[in-house]
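Working notes for the structure below.
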Amino acid sequence: MKQLCEEYGIEKLWRPMSFWHRALGWMVKPNQCDALYLPKCKSIHTMFMFESIDLIWLDHNGRALQQHKAVRPWSVRTCWNAYGVIEKRTAVSS
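Under our numbering, the first residue of the sequence shown is numbered 12, with each subsequent residue one higher.
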């Protein structure tokens, strides 16, 4: 996981533990964290969000399977082969 975080420029990864933190995800992540990890997750929503996010779908070994970039608010994304997903702020291109 550490190598994956370095590859995608993630410094602090948050893993929400409670049902509500998982359900609300990105909207309630601590400010000092720039990404969150949801294990045992094959589908996410971006309802009520105000910004786009990038998704990195992972297998059981923590390897990236698929990526969705700039997922807009009010969207649903699924990766049936995934074990979990990392949500991170969409990279701004210069």
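The beta carbon of each residue, even a glycine, is placed where N, CA and C say it ideally should be.
Predicted model, so just to flag it, every value in this text is computed and none were measured.
(1) Can you give me the start and stop residues for the alpha helix (DSSP H) that Q77 sits inside?
(2) Return the chain-ordered list of same chain residues with a C-beta closer than 8 Å to the C-beta of S105, the five sequence neighbours on each side being excluded.
(3) R140: which of T89, M28, I97 sits nearest, CA to CA?
(4) Looking only at its chain, what residues have a beta carbon closer than 7 Å to the beta carbon of P50, apart from the 5 residues adjacent to it on each side?
(5) Should the stretch 54-73 be regarded as contacting the stretch 34-43, the criterion being three or more beta carbon pairs within less than 8 Å?
(6) Is it the case that the Cβ atoms of K13 and C44 are separated by a distance below 8 Å?
(7) Which of the three DSSP states, helix, strand or coil, is assigned to V103?
(8) Taking only three categories from DSSP, how would you classify W116?
Working from what's here:
(1) Boundaries for Q77: no alpha helix (DSSP H) harbours it, while the beta strand (DSSP E) harbouring it runs 75-82, taken from the DSSP string.
(2) Model confidence at S105 stands at a pLDDT of 49, short of 50, so the residue's coordinates are unreliable and nothing is read from them.
(3) No statement about residue 140 is possible, as the shown extent of the chain runs from 12 to 105 and does not include it.
(4) Within the same chain, P50 has close Cβ partners Y94, G95.
(5) For the pair of segments examined, the stretch 54-73 was found to touch the stretch 34-43: the number of CB pairs separated by less than 8 Å reaches three.
(6) In this structure, the beta-carbon distance from K13 to C44 does not fall below 8 Å.
(7) Three-state result, V103: coil.
(8) There is no way to answer for residue 116, as the model of the chain reaches only from 12 to 105.
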